[in-house]
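Asks:
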Amino acid sequence: MGKSIVEKLNLLSYSTKAIVNRPTKEYLSEIKETQKQLPTEPVDLLFVFVESMAGFKEIVSEVIEHQLLNKNGVLFVAYPKKGNKRYSTFVHRDEIFPTLQVDESDGYIANSTLKFNRMVSLDETFTVTGMKNIERKVKIKAVSSARVDDYIQFIPLVESFVENHKEAKILFEQLTLGYKKGWARYIYSAKQVTTQEKRKNEMIEILEKGFKSKELYRASSSS
């Protein structure tokens, strides 16, 4: 049996917790001591279930405005996947960053100390996105968008996209961090969403053909 979401995200390690809008008691059932409403004082872990992008944006705004997280605290938002069978609504992963005004150079949500840090699948209904309350580092100089390490925070988004493509997912999971960062850079260095979508589909096609990168695919095609 695979790890539960509580184990994957190490949720029991947080001292103060709040779980809001839990759809059934089975979700996160390992966590026994927790607040069930939005906290009035900052907590270390806030896990919220939403049904739409509007609900997602609303909870993020609440957390920022009322400072509901302690330093290094984490907000996890569980939202319905496209094609889920529980809700008529869903959140498309590609609308998250634009709606929350995420700075693609560092992963921070606009005018906040919330930094996007991971995205994992909870089950067939929900995907979970995590945002950590961490102070921004002062930028000494502009960072070139060509640096692969600038795109580490986008790897969870790529993982989420390949999740529905079995063959591509198998190969992507086997890739070293360097190859994963390369794909993240290739996709998210594009400013236009339409270009990002085109590159995502191109990545799937290349992975399904058994190539770890676009460069290796090109080399094979030209040989």
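Each residue of the sequence shown is one higher than the one before, starting from 0 at the first, in numbering that gives the first Met the number 0. Ideal placement from N, C-alpha and C gives every residue a C-beta, glycine not left out. Owing to the predicted nature of the structure, the values given are computational and were not obtained by experimental measurement.
Measure the C-alpha to C-alpha separation of serine 14 and serine 188 and round it to an integer number of angstroms.
Replies: If I take the Cα positions, the gap works out to 37 Å.
Asks: Quick one: residues in its chain with C-beta nearer than 6 Å to the C-beta of aspartate 105, no 5 flanking neighbours on either side, listed in chain order?
Replies: None.
Asks: Say whether the stretch 50-59 touches the stretch 69-76, bearing in mind that this needs 3 or more beta-carbon pairs closer than 8 Å, one atom from each stretch.
Replies: At 8 Å Cβ cutoff, the stretches touch.
Asks: To the nearest angstrom, how far is it from the Cα of glutamate 134 to the Cα of tyrosine 178?
Replies: Roughly 29 Å separates the two Cα atoms.
Asks: If contacts are defined as beta-carbon pairs under 8 Å, then histidine 164 and isoleucine 203 qualify, I think. What distance do you get, rounded to the angstrom?
Replies: Yes, histidine 164 and isoleucine 203 are in contact; Cβ-Cβ is about 5 Å, under 8 Å.
Asks: Given a cut-off of 8 Å, decide if glutamine 152 and asparagine 116 are closer than it, judged by their beta-carbon atoms.
Replies: Yes. Within cutoff.
Asks: Hey, how far is the Cα of threonine 39 from the Cα of leucine 67?
Replies: Approximately 7 Å, taken between the alpha carbons.
Asks: Would the beta-carbon of leucine 37 fall within 8 Å of that of alanine 53?
Replies: No, they are not a contact pair.
Asks: Report the three-state DSSP secondary structure of asparagine 20 (helix, strand or coil).
Replies: Looking at asparagine 20 - three-state DSSP - the assignment turns out to be coil, as it is neither helix nor strand.
Asks: Leaving out five residues before and five after asparagine 69 in sequence, what residues of the same chain have Cβ atoms less than 8 Å from its Cβ?
Replies: Cβ within range, chain order: Thr15, Pro41, Val42, Asp43, Asn132.
Asks: By the DSSP assignment, the beta strand (DSSP E) with proline 79 in it spans what residues?
Replies: Looking at the DSSP string, the run of the beta strand (DSSP E) that includes proline 79 is 68-79.
Asks: Within the continuous alpha helix (DSSP H) that includes threonine 98, where are the two ends?
Replies: Segment 92-99, the alpha helix (DSSP H) holding threonine 98.
Asks: Considering Cα atoms alone, identify which of Val19, Val157, Ser28 is closest to glycine 181.
Replies: Ranking the options by Cα distance to glycine 181, first place goes to Val157.
Asks: Would you give the residue range spanned by the alpha helix (DSSP H) that serine 87 belongs to?
Replies: Element bounds for serine 87: n/a, residue is neither H nor E.
Asks: Whole-angstrom Cβ separation of threonine 23 and lysine 80, contact assumed at under 8 Å?
Replies: That belief does not hold up - the Cβ atoms of threonine 23 and lysine 80 are roughly 17 Å apart, past 8 Å.
Asks: What's the C-alpha gap between glutamate 25 and glutamate 214?
Replies: When rounded, the distance between both Cα atoms is 45 Å.
Asks: At which residues does the beta strand (DSSP E) containing glycine 129 begin and terminate?
Replies: Counting along the chain, the beta strand (DSSP E) containing glycine 129 begins and ends at 125-132.
Asks: Rounded to whole angstroms, what is the Cα-Cα separation between threonine 194 and glutamate 32?
Replies: The straight-line gap from Cα to Cα measures roughly 45 Å.
Asks: By DSSP, does tyrosine 13 sit in helix, in strand, or in coil?
Replies: Three-state DSSP puts tyrosine 13 in coil, outside helix and strand.
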